[in-house]
Structures are given as C-alpha cells and as structure tokens.
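Shown next, in structure tokens, is the structure this report addresses.
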Amino acid sequence: MFKKVLIANRGEIALRIIRACKELDVPTVAIHSEADAITLYVKKADEACLVGPGPVAGYLNIYRIIDLATQKGVDAIHPGYGFLAENHEFAEACQENGITFIGPTPQAIRDMGDKILARQMMKRAGVPVVPGIEHALDSLTEAETIATEIGYPVMLKASAGGGGRGLRLCHTTEELKKNFEMASSEALKAFGKGDVYIEKYIESPRHIEFQILADNYGNIVHLGERDCSIQRRHQKLIEVAPSPFLDKELRERMGEMAIKAAKAAGYTNAGTVEFLVDKDRNFYFLEMNTRVQVEHTITEEVTGIDIVKEMIRIAAGEKLSFTQDDVQISGCAIECRVNAEDPRNGFLPTTGRITAYYSPGGFGVRIDGNVYRGYVVPPYYDSMLAKMTVWGRTWDEVVARTARSLDEFVIRGVKTTIPFYRMIMRDESFKKGEFDTHYIENNFNELLYEDEMEKIDLVFAIAAAITAYSYR
Ligand code: ADP
Ligand code: ADP
Ligand code: MG
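Residue 412 in the numbering used here sits at position 397 of the sequence shown, and the numbers go up by one each step.
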C-alpha cells in the first residue's frame, strides 16, 4: 500500500478520497487555494499545502503539484474528477517523477479523451456507436453531406468536449450552417482543440452508463449501470441505480459491451462507459470517462463496493478481490446533486454564506459534502454543495425515502436545487420510473413551487426589524 497520497482536487470529492485513505490507513496531503483554506476537506487531511496563485490556477498547476508531492514524500496522487483528472500530461508527469497516478494509463486517458478516436476504437472492437463519423469535419460542405446522409436532427460535437459543453443540436441545414461556424472556434477556445464531428441525434434517449473496475492483471468487472437521464442542458442532476428501463437481458448485454469497450481501450482502474439507449432499446456507445464519476455513490450503495478504495488498491498493484459473479445488485439508490443554484431563476448559480444547515439522516441516507453552517459559497468553482445518496430496498421505497430526506434537508442563506428535487420526487412520471433526457425541459418549464425557506427568512427579517426598532 502507499506511504502517502496527495489529493489533487478540492471540495466533496477531496473529502471522499480522504475518507477512503483513512480507512486504508494511508496518510493524506490536501492542496488548497486561499479561498479554500479553512474548509472541511483541508482540516480532515493529515497535511495541507497552499497552491496558488488565485482560486483556480493552483488546482491545475501540474508542476507545482508534483513538486509539493515530492517535497512531502508522497508516492501516489488521486486526481478526483474535473481539474486534472482527465489530463494525460498530468498522469505522465506523475509517472516520470516516480509517483503513481491513481487512475488509468496516460495512453488510455488520451485515447478516450478524444471522442473521435474513442469512436474509432470502439467501432473496430465491435461496440455499437451512435451513427456518425470517426474523423474531424473539414468543411461545412462535408458537414452538410454527412448530415443529409445520416438524416436530421444531428449533433455537432467537440472531440475534446466534456461537462455537457461542446454539443450543438441542429434540426436543419440552416441550423447546421449557423452552428458550424462557431463550433470549431469555440471548441478551440474551451478545450484547446478545434476538432468537431457529427453524430445522429437520438430522439428521447436514456443516458445509461456502466461502472468498470479493471486491475493491472487483465481482470475486468462491471458494477452494473446508472441511469443519468435526469439532466438539464446535458448536465446530470439526479442519477439512479439500477435503471428502471433495463431488464436482466439488456443489462447483461450492455454490461458485456461495457467490458468489451474497456478492453478495447486497454483500460485499468475505475472508469465509466456511457451509452445512449433509444426507445426501441437499441444502445450506442457515447463516450468513456476515465476517472471517478460524481455519481459513483449510487453504485456503491447498491453493490456495497467502495469504488474509491478499489481505485487506490488497484493503483497499488493489488488484484481485484472479486469476480463478476460476486457483484450483486441489491435494492435501488438515488443521488441528488444539491447545487447552489436558483431553479426559478434559470438555475443561476448563487453565492454567499450558509446561515443554517441541517443535513438529513436516518436509514439509508448518505451525504457527501464539504459545506456546513458558516461556509461561504465562493463564486469560483462549480456549484455543487453536496450529494445526497439514498438507498431503498425497492424503487418505491427509495423514491419515498428521497422525498422524506429532501424534506428534512435545510440549507439557508443561498438558494439551492432542493425544492426543485422535492417536486420531482412527487411527480407521477418519475415515480413510475418514466423519464428520458428531456424529462426536465418537458415537465418543469415553469417552476411554481413555493420556497418555504423564503417565507421563514421573511419572518426572521421582520422579527429582526421589530427587535431593532424596539431597542432603538
Ligand atoms: P460526471 O459524469 O462525473 O457527473 P460531469 O460531466 O458532471 O461528470 O463532470 C464532473 C466535473 O468535471 C464537473 O465539475 C465538470 O464541470 C468537470 N468537467 C468534466 N469534463 C470537463 C471538461 N472537458 N472540461 C471542463 N470541465 C469538465
Ligand atoms: P459530455 O462529454 O459533455 O459528457 P456526452 O457526449 O457524454 O458529453 O453527452 C452528454 C449528454 O448530451 C448526453 O447524456 C445526452 O443527454 C446528450 N447527447 C449527447 N450526444 C447525443 C446524441 N447523439 N443524441 C442525443 N443526445 C445526446
Ligand atoms: Mg458524458
């Protein structure tokens, strides 16, 4: 096992990794910006180092991070998700400095980070991919020809895209023309690479992904699927496991394909193979994420396997201690990403001090977060405050338990997505397990819920005013 692990990340995922290390009895080093200096994950790590400059650049500073790791006698780095997690140069730099990168090889990160190359590799291996092309478009004329061939609507996609960005839906030639101009220059700006390709737009699909674990000795297992169809602007909000849409037969076929995909990528450590599944239950490879995923917690809840600990063990050279047959799915889990966003104001990110915080509890409720009363939500990072993962023996039970837990959850001072999720848990289609990637835009265009926290805040404000007036 490792002597000491540095976590090249922040927030809830840093805390998640620290917890895994503690259970493995491995000391940890956290890195942090000035803005993050007094947050929970920094306190929970055995050691902490400031990485500057500024709130973000430090977390992306490969050489400074490797330098700190060397100074601190660290022999492995966990990158979390986001930041440097899918940066093959970082994984390479770790290797060159004799530090183990807790993740796949630089080669696998680079290959799967290039969606065009990933499509080529999957097609060659016999994994069905979304109909489209496996090279970068070089002209609008070419784009038009291909779009006509595969049929509208189509999607223009940045080969290096991620996080729901770099995707453009085109219904007509006019839209294709309009988008083509911008797609490449935007991709170059956002991802450092201008390559854009074209894919058939699958109507009303489900996003269903498989969690993979692979050791360095050729053993690969999958831990079943997660249904991540509840999205807004191609970003996941709520994820469930298992998918209410799959039956045993399709699950087995997709699981086998996911393992085939991981083999084709020469994959080791934890990864996720994402698929789109259409109404007729055809499934297509979408992309592979070469890191721990935000929503890994629901898979942990239904399999009982600690994915982050497995990542560390695999990186330390241990063999997988279980086979595919040992992996049993038990019950259902739902994750809600509690974001500091105002759903009734276009999900605009909110910032400020958390004035009250009460986290739900009881049977089957798990919180992965880095916030508490007094925490100031900074404007620099993504808006996720906490993940609430709930387990139940059946789908009906987990939905009811999630609704109950959301009702208990109190966060005041900043607006959050909690009231919105309370509505979803009471929505008939959701309760029946009927949703595709358009669920939110089709069902929640107008958000008319009452935020009882607003009323309470108003009462407190009036009380404070009266008190101030009477003691004048
Ligand atoms: P997951 O499937 O794990 O939910 P997300 O797409 O939500 O993955 O990404 C996790 C985090 O990584 C988010 O903070 C997201 O903004 C960030 N991220 C992922 N890919 C990229 C990318 N290519 N560029 C910038 N940020 C990214
Ligand atoms: P990212 O790298 O940003 O995660 P993905 O390729 O995984 O991008 O796609 C993100 C989401 O966008 C999918 O979950 C799905 O909702 C939508 N999407 C992407 N490609 C297609 C497609 N060809 N047809 C329909 N929806 C798509
Ligand atoms: Mg994706």
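Idealized CB from N, CA, C, for every residue including glycine. Values in this document were obtained by computation on a predicted structure and should not be read as measured data.
Using DSSP's beta-bridge definition, name the partner residues of Phe337.
Bridge partners of Phe337: none, in fact.
Would DSSP call Glu214 helix, strand or coil?
Note: Glu214 maps to strand in three-state DSSP.
Which one of Glu218, Pro257, Leu462 has the shortest CA to CA distance from Val292?
Answer by Cα proximity: Glu218.
Roughly how many whole angstroms lie between the Cα atoms of Glu38 and Gly319?
One C-alpha to the other measures close to 15 Å.
Does the beta-carbon distance from Gly147 to Ile223 come in below 8 Å?
Not closer than 8 Å, so no.
Within 10 Å of its beta-carbon, does His186 have 16 or more other beta-carbons around it, so buried, or fewer, so exposed?
Result: exposed.
Could you round the C-beta distance between Ile117 and Ile92 to whole angstroms and report it? I think they count as a contact, below 8 Å.
Yes, Ile117 and Ile92 are in contact; Cβ-Cβ is about 7 Å, under 8 Å.
Examine ligand 2 and report whether any of its heavy atoms sits within less than 7 Å of the Cβ of Ile455.
Not under cutoff, so the answer is no.
Mark Ala72 as exposed unless 16 or more other C-beta atoms lie within 10 angstroms of its C-beta, in which case mark it buried.
Ala72 should be labelled exposed.
Does any residue of chain D bring its CB to less than 8 Å from the CB of Val211?
Absent from the structure is chain D; it holds one protein chain and no more.
Taking Glu254 as part of the beta strand (DSSP E), name the residues at either end of that continuous run.
Run containing Glu254: 250 to 256, per the beta strand (DSSP E) assignment.
Which two residues bound the contiguous alpha helix (DSSP H) that contains Asp262?
Note, Asp262: premise wrong, no alpha helix (DSSP H); not H, not E.
If I'm right that Phe346 touches Trp406 with Cβ under 8 Å, what's the distance once you round it to whole angstroms?
The identity of residue 346 in the sequence shown is Gly, whereas the question assumes Phe. Going by Cβ atoms, the distance from Gly346 to Trp406 rounds to 6 Å, so yes, they are a contact pair.
Are Ile46 and Leu83 touching if we call contact CB-CB under 8 Å?
Going by C-beta atoms, Ile46 is nearer than 8 Å to Leu83.
Hey, Ser374 and Phe424 are a contact pair by Cβ (cut 8 Å); roughly how many whole angstroms apart?
Sure, about 7 Å apart at Cβ, within 8 Å.
Candidates Thr163, Ile349, Asp262, Tyr78: which alpha carbon is nearest Glu104's?
The shortest Cα separation from Glu104 among Thr163, Ile349, Asp262, Tyr78 belongs to Tyr78.
Of all the alpha helix (DSSP H) runs that stay within the bounds of the region 62 to 104, which reach a length of 4 or more residues?
DSSP runs (the alpha helix (DSSP H)) wholly in the region 62 to 104: 77 to 86.
Residues around ligand 3, please: the ones whose beta-carbon is closer than 6 Å to some heavy atom of it, in chain order.
Residues flagged by the Cβ proximity filter: Glu289, Glu302.
Tell me, please, whether the region 236 to 244 touches the region 470 to 478 by the rule of three or more beta-carbon pairs shorter than 8 Å.
Not touching, per the Cβ criterion.
What does DSSP give as the partner residues of Tyr373 in its beta bridges?
According to DSSP, Tyr373 bridges with Val425.
Does any heavy atom of ligand 2 sit closer than 7 Å to the C-beta of Glu214?
Yes, Cβ of Glu214 sits closer than 7 Å to a heavy atom of ligand 2.
Ala198 lies in the alpha helix (DSSP H); which residues open and close that run?
Per DSSP, Ala198 belongs to the alpha helix (DSSP H) from 188 to 206.
In whole angstroms, give me the CA-to-CA distance for Ala276 and Ala140.
Each residue's Cα considered, the two are about 7 Å apart.
Nearest-angstrom Cα distance between Lys334 and Lys192?
So the alpha carbons of these two residues sit roughly 51 Å apart.
In the structure shown, what three-state DSSP assignment does Glu449 receive?
Correct three-state label for Glu449: coil.
Rounded to whole angstroms, what's the CA-CA distance from Arg266 to Ala279? Just pull it up for me.
Whole-angstrom Cα-Cα distance: 20 Å.
Short check: CB of Thr404 to CB of Arg437, under 8 Å?
No, they are not a contact pair.
Indicate the three-state DSSP secondary structure (helix, strand or coil) for Phe300 in the structure shown.
The answer is strand: DSSP assigns Phe300 an E or B state.
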